[in-house]
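Worksheet for the structure shown next.
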Amino acid sequence: MATEAHARHSIAEYRSDYEEGRRLRGLRCACGFVTATWGLVCPKCGGRALEEVELSGRGRLAAFTVQTVPSDEFLNDAPYAYVVVDLEEGGRITGWVEGIRDEKELTVGAPVRWTPTYKPGVHFTLEPAPGPTTRESPP
Amino acid sequence: MRETWVVGAASNRFGKMPESGREAATLVALEAIDSSGLEPKDIGYTFVANCFGIAERQAHVGPLINTGLGIPEVPSCTIESACSSSSAALHEAFVHVAGGFTDAVLVVGAEKLSHLDTLNATSYFAMGADYPFETRNGATFPGLYATLANAHQRRYGTSPEQLGAVAVKNHANAAANPHAHFQKPITMETYLRSPVIASPLRLYDCCPFSDGAAAVVVAARERLPNPPSEPLVIRASVRSGSIADMHDRSTMTGLPASRLAGEIAFKAAHVERSDIDLVEVHDCFTIAELMALEDLGFYEAGRAGRATVEGETARDGRLPVNPSGGLKAKGHPVSATGASQVVEIFEQFNGKAGGRQVKDPTLALAHNVGATGGSCSVHIFGRR
Chain A
20 MATEAHARHS IAEYRSDYEE GRRLRGLRCA CGFVTATWGL VCPKCGGRAL EEVELSGRGR
80 LAAFTVQTVP SDEFLNDAPY AYVVVDLEEG GRITGWVEGI RDEKELTVGA PVRWTPTYKP
140 GVHFTLEPAP GPTTRESPP
Chain B
19 MRETWVVGAA SNRFGKMPES GREAATLVAL EAIDSSGLEP KDIGYTFVAN CFGIAERQAH
79 VGPLINTGLG IPEVPSCTIE SACSSSSAAL HEAFVHVAGG FTDAVLVVGA EKLSHLDTLN
139 ATSYFAMGAD YPFETRNGAT FPGLYATLAN AHQRRYGTSP EQLGAVAVKN HANAAANPHA
199 HFQKPITMET YLRSPVIASP LRLYDCCPFS DGAAAVVVAA RERLPNPPSE PLVIRASVRS
259 GSIADMHDRS TMTGLPASRL AGEIAFKAAH VERSDIDLVE VHDCFTIAEL MALEDLGFYE
319 AGRAGRATVE GETARDGRLP VNPSGGLKAK GHPVSATGAS QVVEIFEQFN GKAGGRQVKD
379 PTLALAHNVG ATGGSCSVHI FGRR
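What follows is the structure, given as structure tokens:
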């Protein structure tokens, strides 16, 4: 069975698209698995029906850490939060939130939005909470 | 399959090595061969782990080690599986010997990063993660485990004191280990006062960057029926994997690869969790020790922290965990770590563990994780 790899985006395209603020690309499998990473065959079900999708960039914090010691590409940004986000359409993506000094500034379930910057990485911003959290994701 | 034994083992002192990784590897390799009663010429294959050899401008280190051992014709290759590189090499050795391809195999792991500054060393450590989808988004290696700790805390209420109890215990164990990087106990107060690196993980939740080297010799029982030391019978040698990016897995409160390898290993060895006398688990961060004990089935999910606080995993507890001091305090020279866990079990089985000796162990388990659990090794060892 031939792969359809040619129909899917490359990692370089994924990266240039989000770094230039155009879109967040992802893959969705017929089994429901959505990923913002890259692959040819679904790691959950083994299916090949991976469809390219545009991710909303909106979701809620699933897990996070505030790093006081940065990685080399974020030298001047510490402290900042590295976050795992549950996307509203399903699936998860990782990213970072600038200017977070203390983990008390974050809560699991808090709404976040993709906000492109000129800096590396998928950058998220905390949304002002519209009211009580309606959905909390299990870790 | 042929019955396969670990017949020799050696480690240097972890910390800062004056010599290169290649020299350290050759030194511990010869020591391990000598402890087995074999000669270098008896080795049929050399599996090397040297994940970050490129930091010393050196790849293809196997022929250099073999030449230094006077066995230049012996085949060699380097096995890379991030922090589980040398346990992956041990698995390859097991496959070769148990499968009847080779009678005696040398496994040696070495790492040297102390000539790099912290930022550079941190960057090397992060290379085990997914660069475009984790590291490029700002994750450091402590940050990835901190994210797992955040999920574990939220689900099970894991407290700073429970994480701290792992650090205090492992530092106490390392204080009696002449191979250990840190040989000084710490107090809970010292732990709680240490700075946050990646919340909730503090400095004393994290293993150090260490240089180090460790080697083991694996042989078929029929080739060496009466080795000079008490051999470790390899009852199970299992490797596993899981989705590489931890956020895409079904859980973030444990490592699926650990669960899988543990289940297969216990079945293969025909033993129960309660039969195990001591374990060396992959505690690159304190949370990793708690997750390992839960993933391997020694404790229910969320229960290992309290058990640690209550002393069950201390050297004289119900299940001694990381009597060597673990990665946390013995140190974590990435590619030497898996082999060094086996060195500890070899010394324990031979009654040579000094002040950290566990009383008469007959079954032991070693658990070694690659990065955040994309790969994992579990070995179970028994007596002949």
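Chains A and B supply the protein sequences, listed in that same order. To get the working numbering, take the position in the first sequence, counting from 1, and add 19. To get the working numbering, take the position in the second sequence, counting from 1, and add 18. For each residue, glycine too, the CB sits at the ideal point set by N, CA and C. The structure presented is a predicted model; accordingly, all values stated were derived computationally and were not measured.
Backbone CA spacing between residue i and residue j [nearest angstrom]
i              : j              : result
P341 (chain B) : V387 (chain B) : 18 Å
H199 (chain B) : T269 (chain B) : 33 Å
V60 (chain A)  : K123 (chain A) : 39 Å
L250 (chain B) : R40 (chain B)  : 26 Å
S228 (chain B) : F364 (chain B) : 22 Å
F52 (chain A)  : L74 (chain A)  : 13 Å
P196 (chain B) : G76 (chain A)  : 52 Å
E146 (chain A) : A193 (chain B) : 49 Å
P218 (chain B) : K59 (chain B)  : 51 Å
K138 (chain A) : R291 (chain B) : 49 Å
S29 (chain A)  : V72 (chain A)  : 13 Å
Q171 (chain B) : F316 (chain B) : 19 Å
S35 (chain A)  : R336 (chain B) : 54 Å
A116 (chain B) : I61 (chain B)  : 15 Å
V85 (chain A)  : V214 (chain B) : 9 Å
R132 (chain A) : R211 (chain B) : 35 Å
L94 (chain A)  : V88 (chain A)  : 8 Å
G71 (chain B)  : P130 (chain A) : 43 Å
D135 (chain B) : Y99 (chain A)  : 22 Å
F143 (chain A) : R47 (chain A)  : 22 Å
Counted within 10 angstroms of its Cβ, other Cβ atoms place residue i as buried (16 or more) or exposed
i              : result
R402 (chain B) : exposed
C95 (chain B)  : exposed
P243 (chain B) : exposed
Y149 (chain B) : exposed
A389 (chain B) : buried
S54 (chain B)  : buried
K187 (chain B) : buried
D121 (chain B) : buried
F303 (chain B) : buried
P90 (chain B)  : exposed
G65 (chain A)  : exposed
H133 (chain B) : exposed
A306 (chain B) : buried
K202 (chain B) : exposed
A31 (chain A)  : exposed
F399 (chain B) : buried
CB of residue i within 9 Å of CB of residue j, strictly
i              : j              : result
S80 (chain A)  : L43 (chain A)  : Checking the sequence, you will find Leu at residue 80 (chain A) rather than Ser. Not in contact: L80 (chain A) and L43 (chain A) (Cβ atoms no closer than 9 Å).
I97 (chain B)  : V123 (chain B) : no
V417 (chain B) : L314 (chain B) : No answer is possible for residue 417 (chain B): it lies beyond the span of chain B, which begins at 19 and ends at 402.
G127 (chain B) : T355 (chain B) : yes
S276 (chain B) : S104 (chain B) : no
A106 (chain B) : V361 (chain B) : no
L383 (chain B) : A283 (chain B) : yes
A49 (chain A)  : F151 (chain B) : no
V234 (chain B) : V396 (chain B) : no
A183 (chain B) : T326 (chain B) : yes
R333 (chain B) : R267 (chain B) : no
G323 (chain B) : Q180 (chain B) : yes
H265 (chain B) : R111 (chain A) : yes
A216 (chain B) : A286 (chain B) : no
V238 (chain B) : G118 (chain B) : In the sequence as presented, Val is not what sits at residue 238 (chain B); that position holds Ala. Cβ distance < 9 Å, so A238 (chain B) and G118 (chain B) count as in contact.
D293 (chain B) : V376 (chain B) : no
D91 (chain A)  : L137 (chain B) : yes
Option nearest residue i by Cα separation, candidates the options
i              : options                        : result
C101 (chain B) : B:V115, B:M145, B:E91          : B:M145
A231 (chain B) : B:T22, B:L108, B:G33           : B:G33
V116 (chain A) : A:G109, A:E32, A:V104, A:E108  : A:V104
P351 (chain B) : B:D301, B:E312, B:F399         : B:D301
C69 (chain B)  : B:S29, B:A139, B:F112          : B:A139
Y222 (chain B) : B:S104, B:T331, B:G349         : B:G349
L48 (chain B)  : B:Q76, B:E74, B:N84, B:E21     : B:N84
Y101 (chain A) : A:E108, A:E107, A:G118         : A:G118
S258 (chain B) : B:R220, B:L162, B:S393, B:L45  : B:S393
G166 (chain A) : B:A306, B:I72, B:D263, B:T153  : What is shown of chain A runs 20 to 158, which leaves residue 166 (chain A) out entirely.
P135 (chain A) : A:R120, A:V127, A:G114         : A:G114
A190 (chain B) : B:E318, B:A347, B:F112, B:C225 : B:A347
Residue i - partner residues in DSSP beta bridges
i              : result
T54 (chain A)  : A:L46, A:R111
F227 (chain B) : B:H350
T84 (chain A)  : A:Y101
H397 (chain B) : B:S255, B:A384
A232 (chain B) : B:S29, B:G127
G78 (chain A)  : A:L106, A:V131
F364 (chain B) : Answer by DSSP bridge pairing: none, since F364 (chain B) is not bridged.
R220 (chain B) : B:V214
L296 (chain B) : B:A382
Interface partners of residue i on chain D, CB under 8 Å
i              : result
T113 (chain A) : Checking the listed chains, one finds no chain D in this structure; the protein chains it contains are A and B.
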